[in-house]
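Student: Before we start, here is the structure in question, set down as structure tokens.
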């Protein structure tokens, strides 16, 4: 997975340029700006910084992190007009609680985790994050006829896709498309808010 995103770095944001996704993207940008207004934000797995730009429009501070230096290099090249973010290499699994942050943003990571690991991450963040804080996950919904087809489903119900880069290289990666119904089962003992539009879902947890 790390190798795939390292090689995909320069074409990562092509998906956000598709005309049919603009309405959904704008809707979430407005939603995120409102949620994270005046917060000190830690972004885990920030990628090339597409959503970092949105966070910096209203947040007080932003530390954007990723395990992959190639995507961070691209993120640092963006022009941030309001809040100037800091960047750091960090494996989300090594995140240690820091009282400096009262907002955690995790975009498009959940779908690449097994359902067990995703639930463990949620529980770890709830337990260890400064209180009160906002923990926010965002990811893709499966859109029939538009999303890359599912290549296989493993015995634990995790789904996979075959992704092809512009250079012809192919990778089979885990990509789980959670539904609101699944969250009701996975997060049955958690208090959270679910939101979605045509292309994206999110959950927000207040600690």
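Numbering (my numbering), first residue to last: 114 to 320. Cβ coordinates follow ideal geometry from the N, Cα and C atoms, glycine included.
1. Who are the near neighbours of residue 284 in its chain, counting only those whose CB is closer than 6 Å to its CB and skipping five residues on each side?
2. I'd like to know whether the C-beta atoms of residue 288 and residue 248 end up nearer to each other than 9 Å.
3. How close, in whole Å, do the beta carbons of residue 145 and residue 179 come, if the pair is a contact with beta carbons under 8 Å?
4. Could you tell me whether the stretch 156-164 touches the stretch 175-189, using the rule of 3 or more Cβ pairs below 8 Å?
5. For residue 220, which residues in the same chain have their Cβ closer than 6 Å to its Cβ, ignoring the five residues on either side in sequence?
6. Terminal residues of the continuous alpha helix (DSSP H) containing residue 167?
7. To which residues of the same chain is residue 307 closer than 8 Å at the C-beta, ignoring the five residues directly before and after it?
8. Ignore the nearest five residues each way along the sequence and tell me which others in residue 312's own chain have a CB closer than 7 Å to its CB.
9. Can you tell me where the beta strand (DSSP E) holding residue 301 begins and where it ends?
10. Give the straight-line distance between the Cα atoms of residue 301 and residue 265, rounded to the nearest whole angstrom.
11. For residue 126, I'd like the list of residues in its chain whose CB is within less than 8 Å of its CB, leaving aside the five on either flank, ordered along the chain.
12. Mapping the DSSP letters down to three states, classify residue 282 as helix, strand or coil.
13. In the DSSP assignment, find the unbroken beta strand (DSSP E) run with residue 178 in it and report its ends.
14. Judging by CA-CA distance, which residue of 318, 130, 173 and 234 is the nearest neighbour of residue 204?
15. Counting only the same chain and skipping the five closest in sequence on each side, list residues whose C-beta sits under 7 Å from that of residue 168.
16. Pick out whichever of 215, 212 and 177 has its Cα sitting closest to the Cα of residue 199.
17. Taking the DSSP output, what are the residues bridged to residue 252?
18. Which of the three DSSP states, helix, strand or coil, is assigned to residue 289?
19. In whole angstroms, give me the CA-to-CA distance for residue 225 and residue 318.
20. Taking 9 Å as the cut-off, decide whether the C-beta atoms of residue 181 and residue 223 are in contact.
21. Please report how far the alpha carbon of residue 207 lies from the alpha carbon of residue 309, in whole angstroms.
22. Tell me the rounded alpha-carbon separation between residue 124 and residue 196.
Tutor: The structure says:
1. 117 and 276
2. no
3. Incorrect: roughly 18 Å between the Cβ atoms, too far for contact.
4. yes
5. 164 and 251
6. 163-168
7. 293, 296, 314, 315 and 316
8. 134, 137, 253, 254 and 256
9. Premise fails: residue 301 is in no beta strand (DSSP E) and is neither H nor E.
10. 27 Å
11. 161 and 163
12. coil
13. 174-179
14. 234
15. 145, 149, 154, 156, 175 and 218
16. 177
17. 314
18. coil
19. 20 Å
20. no
21. 29 Å
22. 26 Å
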